[in-house]
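Residue numbers for the sequence shown follow UniProt numbering, beginning at 1 and rising by one. Each remark here refers to the structure printed beneath this line.
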Amino acid sequence: MPELVFFSGTMDCGKSTLALQIEHNRSARGLQGMIFTRDDRAGEGKLSSRLGLVTDAVEVEDDQDVYAYVVDHLSKGGRADYVIADEAQFLAPEQIDQLARVVDDLGIDVFAFGITTDFRSKLFPGSQRLVELADRVEVLQVEALCWCGARATHNARTIGGRMVVEGAQVVVGDVDQSEDIGYEVLCRRHHSRRTTAASARAGVLSPDVLPVDAVSRT
1 MPELVFFSGT MDCGKSTLAL QIEHNRSARG LQGMIFTRDD RAGEGKLSSR
51 LGLVTDAVEV EDDQDVYAYV VDHLSKGGRA DYVIADEAQF LAPEQIDQLA
101 RVVDDLGIDV FAFGITTDFR SKLFPGSQRL VELADRVEVL QVEALCWCGA
151 RATHNARTIG GRMVVEGAQV VVGDVDQSED IGYEVLCRRH HSRRTTAASA
201 RAGVLSPDVL PVDAVSRT
């Protein structure tokens, strides 16, 4: 039976790498897929991995009907044995519904990849809808690590190395950026205390840090 599968994890845990691997494995066996993406780090119409791999993709627009796009492709004699949707957290809930229709009405597997929560630890609307609709939700087993060495569970937005919790939900960026605005993966403890790698190195304590933490640093 065809499935809608949501592969989820933090930034830097290999989601796009896995998407490219699935594409490679299936295309190597003579299958043809359609790849959708939104706001990839490599630019419009690209699916890229931090390992340097990249392939062309369909850039999903704000009001685009993904189901209608696939139907139009098939009606023109195109082929789609599977669909890959990367950066799925940026899709609208209605577009996630359309991906579910691709599975249910057209009998095509859909593999969606995305992060679940934003830099404020709030669900992305697209990810929330995927959790609600997916036949399976797979948490990626490649664990990203916080600067302290613990498993990273949260995505943090940084400005000049300092964590921020206000601003637009979507600002395209990447981890370990040299620019002022970047992203960093943190464990829950350090996300809640807003302690990034840079602030830890500088010895800057958040007001939320417990006294025992301050003592342990001395």
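Beta carbons are placed, not taken as given, at the ideal position from N, Cα and C, and that holds for glycine. Keep in mind that this is a model prediction, so the values were computed, not measured.
- By alpha-carbon distance to V164, the top candidate from A85, T55, T195, D40 is T195.
- The Cβ atoms of G33 and D81 sit closer than 8 angstroms to each other.
- E138 is positioned such that its CB atom lies closer than 8 angstroms to that of F7.
- Between T37 and E87, the beta carbon gap of about 5 angstroms places them in contact (Cβ cut-off 8 angstroms).
- In the DSSP assignment, the residues bridged to S8 are G114, V139.
- Three or more pairs of CB atoms, one per stretch, sit closer than 8 angstroms, so the region 14-26 contacts the region 113-120.
- With contacts defined by Cβ atoms closer than 8 angstroms, V60 and V70 do not form a contacting pair.
- As computed with DSSP, Y82 is found in a beta bridge with G33, D109.
- Distance check between G161 and each of I108, Y183, Q64 places Y183 closest, using alpha-carbon atoms only.
- Nearest to R157 by alpha-carbon distance, out of L130, S127, A197, S75, is A197.
- Nearest to D39 by C-alpha distance, out of A200, I181, V171, L106, is V171.
- If you draw a 10 Å sphere on the C-beta of G107, you find fewer than 16 other C-beta atoms in it, and that means exposed.
- When the Cα atoms are used, E132 and G45 turn out to be separated by approximately 27 angstroms.
- At least 8 angstroms separates the beta-carbon of S127 from that of H154.
- DSSP places R157 inside the beta strand (DSSP E), whose first and last residues are 154-159.
- If you draw a straight line from the Cα of L140 to the Cα of G149, it comes to about 18 angstroms.
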